[in-house]
Amino acid sequence: MRKWLLQSFFRQVSLILVAFSVLSISGYAYQNYVDLKHQWRSAINIQILHLTGFAALMAANDLRYEKYFDLWEKLRKVQNQAAEEEKGALFLIKDIVVLDNSGNVVGSSDPVRHPLLRRYDGQIPQSSGEMQIAGSGRVKTAAPIIFGGERIGSLVMAFDIAPFGRFLRQHLRDFAVYLILMTLATLLFGLALARWITRPLGSVRSVLPMLGSGQAAIPSLSLRQDEYGLLGRAIEFADRRIHESEEQIRMHRDHLEELVKQRTRALEAANKELEAFSYAVSHDLRAPLRAIDGFSLALVEDYGDKLDDAAKGYLQRVRGGAQKMGRLIDDMLQLSRVTRAELHYAAVDLSAMAEQIVHDLRAQDPHREVQVSIAPGLTVSGDAGLLGILLQNILGNAWKFTRDAREAHIEFDSRLQDGEQVFLVRDNGAGFDMRYVSKLFGAFQRLHTEDEFPGTGIGLATVQRVINRHGGRIWAEGKVEEGACFYFVLK
Amino acid sequence: MAGKVILLVEDNPDDRILTVRALKQHNIANVIDEVKDGQEALDYLFGEGQYAGRDVAMQPQVVLLDLKLPKVDGLEVLQRMRADSRTKRIPVVVLTSSSEQQDIVSSFDLGANSYVRKPVDFNAFLDAAKQLGLYWLMLNEVPNG
Ligand SMILES: Nc1ncnc2c1ncn2[C@@H]1O[C@H](COP(=O)(O)OP(=O)(O)OP(=O)(O)O)[C@@H](O)[C@H]1O
Ligand SMILES: [Mg+2]
Chain A
900 MRKWLLQSFF
910 RQVSLILVAF
920 SVLSISGYAY
930 QNYVDLKHQW
940 RSAINIQILH
950 LTGFAALMAA
960 NDLRYEKYFD
970 LWEKLRKVQN
980 QAAEEEKGAL
990 FLIKDIVVLD
1000 NSGNVVGSSD
1010 PVRHPLLRRY
1020 DGQIPQSSGE
1030 MQIAGSGRVK
1040 TAAPIIFGGE
1050 RIGSLVMAFD
1060 IAPFGRFLRQ
1070 HLRDFAVYLI
1080 LMTLATLLFG
1090 LALARWITRP
1100 LGSVRSVLPM
1110 LGSGQAAIPS
1120 LSLRQDEYGL
1130 LGRAIEFADR
1140 RIHESEEQIR
1150 MHRDHLEELV
1160 KQRTRALEAA
1170 NKELEAFSYA
1180 VSHDLRAPLR
1190 AIDGFSLALV
1200 EDYGDKLDDA
1210 AKGYLQRVRG
1220 GAQKMGRLID
1230 DMLQLSRVTR
1240 AELHYAAVDL
1250 SAMAEQIVHD
1260 LRAQDPHREV
1270 QVSIAPGLTV
1280 SGDAGLLGIL
1290 LQNILGNAWK
1300 FTRDAREAHI
1310 EFDSRLQDGE
1320 QVFLVRDNGA
1330 GFDMRYVSKL
1340 FGAFQRLHTE
1350 DEFPGTGIGL
1360 ATVQRVINRH
1370 GGRIWAEGKV
1380 EEGACFYFVL
1390 K
Chain B
238 MAGKVILLVE
248 DNPDDRILTV
258 RALKQHNIAN
268 VIDEVKDGQE
278 ALDYLFGEGQ
288 YAGRDVAMQP
298 QVVLLDLKLP
308 KVDGLEVLQR
318 MRADSRTKRI
328 PVVVLTSSSE
338 QQDIVSSFDL
348 GANSYVRKPV
358 DFNAFLDAAK
368 QLGLYWLMLN
378 EVPNG
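Chains A and B, in that order, are what the protein sequence lines are.
Count along the first sequence from 1, then add 899; that gives the number in our numbering.
Count along the second sequence from 1, then add 237; that gives the number in our numbering.
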């Protein structure tokens, strides 16, 4: 029942309306009934007392002069007349008895019930009109009979007020019928009212799924002049607004897609250009360098005997410069190649790769004594070529910057941190100042001078790109003269 | 001597001079014929154009081929050489200016026998020659050991 009610606002409103009207109508009816009963009851009371008083007045003369027959005659007439009139009356005179001062019956409308000159056998209500109910539906009244200022007897009247009871019951029935009719009427009215109140809600609900379509129209609401009219117009307005902004978003999105396509095309073109450019660089830029280097060498070799040491030193510097530029070009090319290269994912054994790189480093630098420890079996999924470049640069750096360490040590390992496999390359070389750590991975950024350690500063920029291509992260820690540690994570 | 020719295909005069010098310095006594672009190389090999009338039965023992050449590039020269029965078997050593991986891969695909990075690292070149069985490279007697 509770659920049934809570599910529908219409039911709630109907219930409230119906309950309220039934309660108020029945309350009003009951009040009415009680009032009616009291009013009629006191009206009957007064009538009965008047009647009794009147009868006592009428009986006084006959009683004084002991005209008992006349008295009887009169009493009977009163009763009969009353009986004739009393079709539809609310009470009937049952009998009238006249008593003398000693309580003997001296007159009676019904001598069979109350024989003359006997003691009155019923109860006598207190005189001067007090009323007494005797049994069901019976009321007795008494009045003193006065003659010449002297009480000479009393008159007792018995009434049957059953018609009044019937009258009340009739009224009660009428009220019940009235109540039922009213309840039915209010039920119908309540339902209609509830429907009338809740119908706008229905039209609101039916239009809600259309919100944003730009088609939502609720004329049944929006054409009204009242608050529901405001609501309806607000909903229609909101619908149009949503529709328009969605349209706009769609337009922007389409436009964005177009823009992305354009940019992609531009990017592809730029990439092609870059490729052509780097090819040209690799080929054309190196040619003059080769000439500078080659002819300087030829000069030294072929005309060495005609040059003094200063001239040879200068030529040596010319060659050094040309070779350095050659390396720079190579490094730059590698940097751009790392960015462009297509990735071929495969399982890569980093440990084996590191072993090979260290082996090559040892071969190039046979006089260096470096202790290298490589954890075995470190494998990862990635592009073997790019990962080779990465390890080459990091291990190459470790190798280079441990040049002056007394007992050079390089370590390649991995550890689990926050569920990720973090690889690390640690050395005990020259280290660096953590203040400049942010510059480490920028192209051409170096933390050491050429005189201290040779290099172009492109290695770690390349490493960073390899990491980016693999969706990973790289960071470093270092301390001057104590060493450096590079950490990286690959996705 | 006429049969012991090395054909050098190189457009850059500096590189030509340096390569010839390096070969001479290593006492290679072969005749070195030089051509300046791909078209000239093809004319030379097939006895056409300015080389019309050259005896094409006399082919070089080895071709040192630059890849980036004017007119007809090195890869096309290589392709044409491998497609012609007269030049199919001539060893070709590709000269590259960088280790541009793609060039090296495609030249091997087209039938290059070896490659050497410029400027000619002569020890590498001699290694390559040995591997290719170019024992015929005529080394002059080194005057004093
Ligand atoms: N293991 C290390 N120990 C101390 N410093 C390092 C280490 N690795 C890198 N650095 C610092 O970071 C700088 C940038 O490194 P990067 O590898 O990019 O350049 P490089 O080694 O100087 O030159 P390149 O690698 O291009 O030849 C280095 O110059 C050096 O100052
Ligand atoms: Mg480096």
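For each residue, glycine too, the CB sits at the ideal point set by N, CA and C.
Taken through DSSP and simplified to helix, strand or coil, A:I1023 comes out as coil. Out of A:F1340, A:V917, A:L1277, A:F990, the CA that lies nearest to the CA of A:Q1320 is found in A:L1277. B:D252 is the residue among B:D252, B:E285, B:L312, B:I265 whose C-alpha sits nearest the C-alpha of B:E271. A:E1172 and B:A266 have their C-alpha atoms roughly 44 Å apart. Among the bridge pairs identified by DSSP, B:Y352 is matched with B:V331. Taking each of A:L1129, A:A1042, A:I1366 in turn and checking the Cα distance to A:K1390, the smallest one comes out for A:I1366. Under the DSSP assignment, A:D1259 falls in the alpha helix (DSSP H) whose first and last residues are 1249-1263. Taking each of B:T324, B:R354, B:K273, B:V293 in turn and checking the Cα distance to B:V309, the smallest one comes out for B:K273.
Excluding residues up to 5 positions away in sequence, K993, D994, R1037, K1039 lie with their Cβ nearer than 7 Å to the Cβ of A:A1057 in the same chain.
A:G1287 sits away from A:M1333, with the two beta carbons spaced by 9 Å or more. For A:F1387, the secondary structure class from DSSP, reduced to helix, strand or coil, is strand. Taking a C-beta distance under 9 Å as the contact criterion, A:G1131 and A:S1121 qualify as a contact pair. Take A:S913, set aside five residues on each side of it, and the residues of its chain with a beta-carbon closer than 6 Å to its own are G1089, L1090, A1093, in chain order. Not one beta carbon of chain A lies nearer than 9 Å to the beta carbon of B:S343. For B:D252, the C-beta contacts it makes with chain A under 9 Å involve A1186, R1189, A1190, G1193, in order along the chain.
Between A:S1105 and A:F908, the alpha-carbon positions lie close to 15 Å from each other. The criterion of a C-beta distance shorter than 9 Å is satisfied by A:L1232 and A:S1181. DSSP places A:P1043 within a strand segment (E or B) once states are collapsed to three.
Around A:A1307, the same chain offers V1269, T1301 as residues with beta carbons nearer than 6 Å, after the five sequence neighbours per side are excluded. In summary, A:R1345 is buried, with 16 or more beta-carbon neighbours lying within 10 Å of its beta-carbon over all protein chains present.
Using a cutoff of 8 Å, the CB of A:L1346 does not count as near ligand 2, since none of the ligand's heavy atoms is closer than that. Between A:Y967 and A:V1005, the C-beta spacing is below 9 Å.
The alpha carbon of A:V1336 has as its nearest neighbour, out of A:I1191, A:K976, A:A1360, A:W1298, the alpha carbon of A:A1360.
For the set B:R319, B:D346, B:L282, the Cα lying nearest the Cα of B:L245 is the one of B:L282. Taken through DSSP and simplified to helix, strand or coil, A:G1203 comes out as helix.
Taking all protein chains in view, the Cβ of B:E277 is crowded by 16 or more other Cβ atoms within 10 Å, so the residue is classified as buried. Not one beta carbon of chain B lies nearer than 9 Å to the beta carbon of A:S1235. The three-state secondary structure of B:N267, taken from DSSP, is coil. Bounds of the beta strand (DSSP E) holding B:L244 are 242-246. CA-CA distance, A:D1059 to A:L991, rounds to 5 Å. A check of alpha carbon separations from A:E1310 across A:F1343, A:E1254, A:A1061, A:T1348 identifies A:E1254 as the nearest. Its chain contains L904 as the residues whose beta carbon lies nearer than 6 Å to that of A:R910, once the 5 sequence neighbours on both sides are disregarded; these appear in chain order.
Distances from the alpha-carbon of A:D1312 to those of A:S941, A:S1250, A:L1086 put A:S1250 closest.
Here A:Y1244 carries a strand assignment [DSSP, helix/strand/coil]. Taking every residue with its beta carbon within less than 5 Å of a heavy atom belonging to ligand 2 gives, in chain order, A:N1296, A:G1358. Against chain A, a Cβ distance below 7 Å from B:K355 picks out R1189.
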